[in-house]
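Below: one structure, written as structure tokens.
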Amino acid sequence: MHKMVAGLGYRYLTRHVAVNDGAAVTGQSVTDYYAATGNPPGCWLGHGLDALGRIDHRIRPGSRLDEGELAAVFRDGCDPVTGDPIGRHLKVAGYDLTFTVPKSASVLWALSDEPTRRAVEAAHGAAVAQALGFVEQSVLRTRVGAGGARQIRTRGMVAAGFDHWDSRAGDPNLHTHVVVANRVQGIDGVWRSVDGTTIHAAAVAVSELYDALLSDEVVRRLPVSWSWRQRGESRNPALEIDGLNDELLAAFSSRSRTIGAAQEQWAIDHLARTGRSPSRVETTQAREHLTRATRPRKVVRSLRELMTEWANRARALTGREPQDLAAVALAGGYGRVLHAHDVGPQIREQIVAIAVADASTRRSVWSTWNLAASVLRASADLPMASPKDRFHLTDQLLAQASDGCIRLDVPDPERPVRRGQERYTTAELLGAEALLLAAATPTGTRRQHLPLNPVAAEHLAGLDDDQADAVADVLASLTVLDVLVGPAGAGKTTTLAALAHAWQASRGGEVIALAPSATAAHVLGTALRVRAETTAKWLHESVGPGALARTQAQATPGFSGGNPLAIRDRVERLSEEQDRWRLHPGALLLLDEASLADTRTLAHLTGQVEAVAGAKILLVGDPAQRGAIGAGGAFAMLVNRGPTAQLRTLRRFTQPWEARAVLALRHGSTSVIDTYAEHRRLHAGTYDELVEQVAQAATAALGVGERVLAQAVDSATVSDLNQRIHLLLQDVGLVGANAVTLADHLSAGVGDRVVSRRNDRRLTYGDDRWVRNGTLWTVAAVRPDGSLDVTDPDGARALLPAAYVTRHVELGYATTTARSQGVTADVTHNLIGPGTAREDLYVAMSRGRAANHLYVAVDGPGTECLPGEQVGDPMEILTTVLKTTRLETSATDTWDQHHPDRPLVVPLPPRPSQPTHAIPTPATTPAPQVLSR
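Per our numbering, the very first residue in the sequence shown carries number 1; after that it's consecutive.
Below you can see the structure in the form of structure tokens.
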């Protein structure tokens, strides 16, 4: 979903009308349909149109859009017929809901004969119409009462719909934009704005609903079958049509990266034209133009031209005729479709279990919308006989799934929650949080603290007061679990080094450090002079597949024909290896960046520690930084409930004012905006302007040997920054022209900085080193086969094979804030825009010792079809960022917010030896059926 402001977004709508993009009209012939230039014209949609116009002049759903009518609704907020106002002036003009056909269905549509194309289009149109009907009935709301305390239903949406054939890169991409006006008439007859919060909350569920409805419609029209396909790590599987292989789909999923090629051709042309090579100034000016000129734009072509191009591309790739390729997908036969009552109890139980597990893996607390999305995702591959059957089955599954959850909020007739925003969790997650709280709480009559051991006290010398106090607090604590909180730059590593040495000296136990990435673990282990592993590796080897494999190998050591001595040696080696991944009495387990660890991970580690006499786990981090990707909030829960050891002084920054500013950012103080502006650290402009400024600044810093880090929140911006910096370094001769294509589809040459993105312990180099995820390398040589000779930050040389380079190596000048947490640089240049959260800003602006610069884009890079939009001035954007946080609240804290006088009683789960799964538990109250039509 894309929010559209009253500005460039509105002008985007009018372009489709003003330039007559697509002249298809009702009743036109098939020949004219395919020969018409551009996409079909837009049309009006929604039952809210019934409230516009006069009796003798109405705007009907399906009628062609008129530029004047669009201007009246989306720009002026007026009835397009009468001119009467429909609500007050609003900054947000509307919401763009985009319904995109899965890639396999788009490719089938592009390569098939005309009847098949029409069938796919009809299926898409029907699914969009059904999804929009659901949006009108169950999502679209407005608010009334003091402070908008109560939601009411509306009389339907006023929307503009646009069908598009292709992507910016010219790939088949059948999709429809439905721009819902931010003006609705409530059931009381008053025009107001849409409750955007509910639209945002329901967006994923609506998307999953469309996908399920589309697969149903296609199956009912064509002899095809659907199945799930993996799309790589950290991505949801995709439901795709069988018979169209991944290689073919990838060929029609190009994301063009052509700035480098365009620049090289420009330089050749310049030399031929002038007889000399371009100067640096000329090259810089040309590249600023090429950056914009080579960004894929919507090229207006007829559908016939597109179909011809796609057919030729398919022939070139496969050597087969397009319709022969499509015929493979159409050979599935017309399978049996299901009515809701055909789905039996066992299948329903399986779907519900998958859905609840999916919801609880993604977050600790979820809404009805979240659960509905999971239910739809889990049941999408069941072909339903009708939309009614799909809705009916989903409602039943959703009710059953919600019955397997625990509702955390309290129904209040006086202040009802927003539609679909009821809050749920599971007993399993509550039990994991209870385990953590119990481990952090002294039990029985034991004293809470021991006196500090004199031997340990010797290792506190040289620490500042807050560091020494923190170490002493941990050493003296009697709890199994302790928490150390330190803001970014507070000297946590120095504190942990002193703690590790003091623990070993006074307790004699082993200290093991865990970190979120292999590179971070290596740095931490070196600094603390202790063993360090990634959290994922520790769990894999201690209680996961690694431990299971060793246990099975010990049980069946291979007696058949084996040498008894060799068998004994093998069993002993397996036992020694298993012992290496087991905690021993008196051990101290340090978990760095604990805010990034999800609740289950924290519970597993704590359970292991509790099972060992005298062992302790210390969670180290900052709850104001980014949280866990999965179900999180537990670290912040422990911090808020205390007690915790605290570091108070920031030591990283060379400028005292910047240390104070970072603390202000941490707490969301908007007054800090002026502070950064006064010290000339704040820059503003358009997205394209700031990409250039950040790249220029980073290149200059690299040229003088500074350790510089460019950062952004999203990977697309990171890719733009990496590409631009690479080209600028080529300009000044710091990067060679001989290049290889990396996993991010960018080029790297000699002198480039690249980063490895996957651990591979088989790729060894130097003195017992191996290639780690997150290691920065400098390219020393590009070999003919595409492999890279690289050096790490210590100067050790390694060889990265071509297969690894193309799959797991990226340019390393810029990174996302998700990956930079825990990194320290000399200088940072940070590009943010609308939609950034405070924790991302805080992480970004606390990485650099000497200087941290902030670049605020007043527009965005745009979407596949929509341009970037002006959304406000930099100060407004920054103020919104500082007020926005996406940090998760734990299930226990959510319960306490809604039940302050009713303590939660949850039985502690068994101490885990391996990851547990969701345990269905009766809900305290039934969930609403949000899909009811």
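Every residue, glycine too, gets a C-beta built ideally from N, C-alpha and C.
*asked:* Here's the rule I'm using: 16 or more other beta-carbon atoms within 10 Å means buried, otherwise exposed. How should glycine 189 be labelled?
replied: Classification for glycine 189: exposed.
*Exposed unless 16 or more other CB atoms sit within 10 angstroms - verdict on isoleucine 199*: buried
*Range of the contiguous alpha helix (DSSP H) that encloses aspartate 403*: 387-403
_Boundaries (first-last residue) of the beta strand (DSSP E) holding glutamine 421_ = Note, glutamine 421: premise wrong, no beta strand (DSSP E); not H, not E.
*Look at the Cβ atom of glycine 586, then the Cβ atom of glycine 508, and state whether they are nearer than 8 Å.*
Yes, these two residues count as a Cβ contact at 8 Å.
*asked:* Going by DSSP in three states, histidine 2 sits in which element: helix, strand or coil?
replied: strand
*Rank Ala326, Glu541 and Ser364 by C-alpha distance to the C-alpha of alanine 597 and give the top, closest one.*
Nearest of Ala326, Glu541 and Ser364 to alanine 597, Cα basis: Ser364.
*If you draw a straight line from the alpha carbon of asparagine 173 to that of serine 106, how long is it in whole angstroms?*
6 Å
*Just how far apart, CA to CA, sit tryptophan 946 and histidine 89?*
No answer is possible for residue 946: the residues shown for the chain start at 1 and end at 933.
_Out of Ala126, Leu371, Lys883 and Leu248, which one is the CA nearest neighbour of glycine 319?_
Leu248
_Taking only three categories from DSSP, how would you classify aspartate 216?_
helix
_Beta carbon of leucine 709 nearer than 8 Å to that of arginine 847_ = The Cβ-Cβ distance between leucine 709 and arginine 847 falls below 8 Å.
*Keeping to the same chain, check which residues put their C-beta closer than 6 Å to that of alanine 205; ignore five residues upstream and five downstream.*
Trp369, Ala372 and Ala373
*Express the C-alpha separation of lysine 537 and alanine 712 in angstroms, rounding to a whole number.*
28 Å
*asked:* Taking the beta strand (DSSP E) that alanine 684 belongs to, which residues open and close that run?
replied: Secondary structure note for alanine 684: its beta strand (DSSP E) is the uninterrupted segment 682-685.
*As assigned by DSSP and simplified to three states, the class of arginine 990*: Lying outside 1 to 933, the shown extent of the chain, residue 990 is not represented and no answer is given.
_Going by beta-carbon coordinates alone, are alanine 518 and glycine 774 separated by less than 8 Å?_
yes
*Cα-Cα, which of Leu776, Gln185 and Asp324 is closest to threonine 142?*
The candidate whose alpha carbon is nearest that of threonine 142 is Gln185.
*For alanine 628, which of Arg336, Glu309 and Thr535 has the nearest alpha-carbon?*
Residue Thr535 holds the alpha-carbon nearest to the alpha-carbon of alanine 628 among Arg336, Glu309 and Thr535.
*Ordered list of beta strand (DSSP E) runs contained in the segment 552-604, each at least 3 residues*: 588-591
*asked:* tyrosine 855 and alanine 698 - do their beta-carbons sit closer together than 8 Å?
replied: no
*Tell me whether alanine 18 is buried or exposed, calling it buried when 16 or more other Cβ atoms sit within 10 Å of its Cβ.*
For alanine 18, the predicted model reports a pLDDT of 40, less than 50, meaning its position is unreliable; a value from the coordinates is still stated below. Its Cβ having fewer than 16 others within 10 Å, alanine 18 is exposed.
*To which residues of the same chain is leucine 222 closer than 6 Å at the C-beta, ignoring the five residues directly before and after it?*
When the five nearest sequence neighbours on each side are left out, the beta carbons in the same chain lying within less than 6 Å of the beta carbon of leucine 222 are those of Ala119, in order along the chain.
_Proximity of alanine 891 and glutamate 433 at Cβ, strictly below 8 Å_ = yes
*CB phenylalanine 252 to CB aspartate 171, shorter than 8 Å?*
For phenylalanine 252 and aspartate 171, yes; Cβs fall inside 8 Å.
*Is tryptophan 895 closer than 8 Å to leucine 887 when the C-beta atoms are compared?*
no
*With alanine 472 as the anchor, note down where its beta strand (DSSP E) starts and where it stops.*
Going by DSSP, alanine 472 is part of no beta strand (DSSP E) but of the alpha helix (DSSP H) stretching over 465-476.
*Measure the alpha-carbon distance for arginine 550 versus arginine 757 and round it to whole angstroms.*
Note on geometry: alpha-carbon atoms of arginine 550 and arginine 757 lie some 28 Å from one another.
*Within 8 Å, strictly: CB atoms of threonine 495 and alanine 470*: yes
*For the candidate residues Ala497, Leu430, Ala505 and Asp466, whose alpha-carbon lies nearest to that of valine 455?*
Ala505
*Of the residues His829, Arg183 and Thr100, which one's Cα is nearest the Cα of aspartate 166?*
Thr100
_Backbone CA spacing between threonine 885 and glycine 835 [nearest angstrom]_ = 10 Å
*asked:* Our contact map puts serine 787 next to alanine 802 with C-beta atoms below 8 Å; I'd like the distance itself, whole angstroms only.
replied: 5 Å
*asked:* Quick check on DSSP: helix, strand or coil for proline 747?
replied: First, the residue type needs correcting, since residue 747 is serine and not proline in the sequence shown. Strand at serine 747.
*For glutamate 839, does the three-state DSSP call read helix, strand or coil?*
helix
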